[in-house]
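Take a look at the structure set out below.
This is how it looks when you write it as structure tokens:
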């Protein structure tokens, strides 16, 4: 058994996986023609889940407040205007609870003085003033209206403060208009519903100071927005409007509060007041800051980027069952995603290993154990995404628990191995070892459809995702002439993930005293690497091909996927240099970053989602690959491009992606209109980029830290890392410029640990 894949249930999971493969083969055996027809029909109909931009997306950017399971999209005034195609609103657990939230003064729109998102990401401060009111009796710019808006997982909170700067008394009224449509996030994205929406009821309560907007969905779950007023200024309350009477002497201040509490089913969330909600969020952030390493420098722009990244990470963390998980991004992916969580955890591993542990435990719990064509599940497969909105509950979309991802399973094993090397936490590895073994079995059986040592994907539900790598757009995998590849498809980067997953699984097996299994895994990894370099390499492209299609024909296009072969170490050394040069050539590198697809490709479109755009996380993974092979000058160029981009982007926040247009002097990158921001793996990119520059490798089993040819970013003389966790010790690391390269000093490093700087060996 030592050389096979034993688990807690012995060979059971292995046999279940084998059985599922046989069942799948029987289901599809008639089938090549049927399958290809299904694929073609699916592609011709377009991508049902493509996010449709509207005029708002193409114009003014929404302000985003987010915390855990809830977020708000609003304009700079703090208002939410109802629109048939708009996405602004207040959301909770995949549903838009509030689609209108508009403040007026005597029936007019206030004048905007300014607004900003506070450092905690879920607090919006808005300064407003009045237009001319009361037929000129109240001059403009004499009443200050301050909206303090706060988003908490349990609800939305707003405090409005008014100060009279007139020389005489004034009387006027503020009106707040509100409504709830309870649309599923997928309907807002543009997916058409198969069922009629449920019914909405609006109720006044408690002397008309509380409004309940109730929605009974087709999933038979009641969702309720409870709008509650606190103060003494309420003059009128209707089911869609509250009116507040202001009577202010010169320099007098009046204040009131409104909250929206979310209820799903009969269980209410915590009902807090504004001050309680604000105290809670500040305390949570303080606790989180004390539990993670903090990076700072002598460069204010880098510090701004880092601070925004820490803030965004905090806002995307959520309690999911008995665990904490990092959500993928706002607004479209504010829910657990397997691939996104895994890659974000890899990016943060060196400074925040607890995130990796949380991700591993969560995904091990939700690993598939049965075969289901509806949600593309197979035994051993790791979750792609989980949803809890109405359309997921009714089955209108297949994403309630969806497993249509080819890379999450090898990435899960890869992260487990990297986590063990970073921490030496063998107890955690033992806890998830059955899931690791089941994942390995999936890679060798259901994941290797034709048993050629490559991991492939083939969708089974035509209403789900056609492409199942990280580039999952319907047109993302193509041949040189632009023809879309037919499944089963073996992606370039996935073979690298599988290779490193098996190498690291061998290390874990050895640590758990399974020597025969360790040897088997190592040998398998060697064979994958040999075949990959033979079959995926294209000498004319000077790059690894994008994929192999169902006929094993190479997709001979130059794409960023090839850079992941360096990230995982699967690329031969001589091929790595040519790949780096190709990816850093003008057709791929826009000076902001490496594009997803070369500009000389038939399907290149710099404004597309996956065929020419620039993704920060993609660039960060490639940069780490360049660092592993010793190409530090290329790492510096990638870092500089993304770093400069942050100085042009609002809040110094890198979005999910931006357009791959050429860099123009004095201008920032061109935005992709429906990109998520904040988005977890884009947020994490700064940390992996810094790790790539430092070349830091933490090896807990060896109790050693190696810095491989470290460099500092340009215009940075000092980089300080506080609270770096090494064997449960909190250490301080300082990197400064020196005559012969950066100088590294540690404080409080455990006595049995050592560190060194390696400037000779290029590959690590």
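Residue numbers (the UniProt record's numbering): 1 to 764.
Positions of the beta carbon are idealized from the N, C-alpha and C atoms, including for glycine.
For clarity, every value in this text was computed on a predicted model and none was experimentally measured.
Integer Cβ distance of residue i from residue j, believed to fall under 8 Å
i, j, result
"residue 248", "residue 164", "4 Å"
"residue 342", "residue 411", "4 Å"
"residue 555", "residue 477", "6 Å"
"residue 227", "residue 211", "4 Å"
"residue 335", "residue 380", "Their Cβ separation, rounded to whole angstroms, is 22 Å, which puts residue 335 and residue 380 out of contact at 8 Å."
"residue 465", "residue 395", "Going by Cβ atoms, the distance from residue 465 to residue 395 rounds to 16 Å, so no, they are not a contact pair."
"residue 759", "residue 709", "5 Å"
"residue 724", "residue 351", "7 Å"
"residue 110", "residue 128", "4 Å"
Coil, strand or helix - residue i by DSSP
i, result
"residue 310", "helix"
"residue 751", "coil"
"residue 334", "coil"
"residue 222", "strand"
"residue 42", "Confidence in residue 42 is poor, its pLDDT being 39 and thus under 50, which makes the residue's placement unreliable; the coordinate value appears in the next sentence. In this structure, residue 42 counts as helix in the three-state DSSP scheme."
"residue 559", "strand"
"residue 174", "strand"
"residue 201", "strand"
"residue 399", "coil"
"residue 445", "coil"
"residue 132", "coil"
"residue 104", "strand"
"residue 739", "strand"
"residue 583", "helix"
"residue 434", "helix"
"residue 50", "coil"
Nearest neighbour of residue i, chosen from the options [CA to CA]
i, options, result
"residue 487", "526, 542, 286 and 551", "551"
"residue 648", "663, 348 and 110", "663"
"residue 222", "292, 332 and 97", "97"
"residue 543", "461, 566 and 118", "566"
"residue 422", "355, 231, 272 and 601", "355"
"residue 624", "348, 602 and 243", "348"
"residue 178", "743, 734, 237 and 432", "237"
"residue 377", "652, 322, 458 and 452", "458"
"residue 296", "654, 209, 743 and 734", "734"
"residue 208", "610, 360 and 233", "233"
"residue 765", "191, 651, 119 and 266", "Any answer about residue 765 is impossible in this case: the structure gives the chain only from 1 up to 764."
"residue 667", "654, 644 and 326", "644"
"residue 312", "685, 690, 721 and 678", "678"
"residue 241", "204, 272 and 190", "204"
"residue 484", "137, 611, 146 and 447", "611"
"residue 690", "620, 419, 628 and 702", "620"
"residue 741", "49, 695, 605 and 702", "695"
"residue 479", "374, 310, 472 and 545", "545"
"residue 737", "661, 755 and 714", "714"
CB contact flag (residue i, residue j, <8 Å)
i, j, result
"residue 184", "residue 390", "yes"
"residue 532", "residue 581", "no"
"residue 502", "residue 428", "no"
"residue 560", "residue 622", "yes"
"residue 599", "residue 587", "yes"
"residue 594", "residue 563", "yes"
"residue 455", "residue 498", "yes"
"residue 681", "residue 340", "yes"
"residue 338", "residue 384", "yes"
"residue 659", "residue 613", "yes"
"residue 278", "residue 103", "no"
"residue 196", "residue 214", "no"
"residue 782", "residue 175", "Summary: the structure shown does not reach residue 782, with the chain confined to residues 1 through 764, and so no result is reported for it."
"residue 159", "residue 148", "yes"
"residue 304", "residue 652", "yes"
"residue 92", "residue 122", "no"
"residue 656", "residue 329", "yes"
"residue 558", "residue 331", "no"
"residue 124", "residue 161", "no"
"residue 606", "residue 642", "no"
"residue 589", "residue 597", "no"
Contact with chain D by residue i, beta-carbon distance below 8 Å
i, result
"residue 258", "The structure shown contains no chain D; it is built from a single protein chain."
Alpha helix (DSSP H) segments (min. 4 residues) lying fully within the stretch 366-393: The qualifying runs do not exist here; there are none.
Contiguous alpha helix (DSSP H) assignments of at least 4 residues, all confined to the stretch 208-289: Counting only runs of 4 or more, we get 274-289.
Where in the stretch 595-675 do unbroken runs of the alpha helix (DSSP H), each at least 4 residues long, occur, reported from the N-terminal end onward? Uninterrupted alpha helix (DSSP H) stretches at least 4 residues long and entirely within the stretch 595-675 occur at 616-628 and 632-648, given in chain order.
Sequence ranges, beta strand (DSSP E) only - wholly within the stretch 67-96, length at least 3: Correct list: 70-74 and 89-92.
Run through the stretch 507-546 for me and flag every whole alpha helix (DSSP H) of 4 or more residues, listed as ranges in chain order. Uninterrupted alpha helix (DSSP H) stretches at least 4 residues long and entirely within the stretch 507-546 occur at 515-535, given in chain order.
Unbroken alpha helix (DSSP H) runs of length 4 or more, entirely within the stretch 681-730: which are they? Counting whole runs of 4 or more residues, the stretch 681-730 contains the alpha helix (DSSP H) stretches 685-694.
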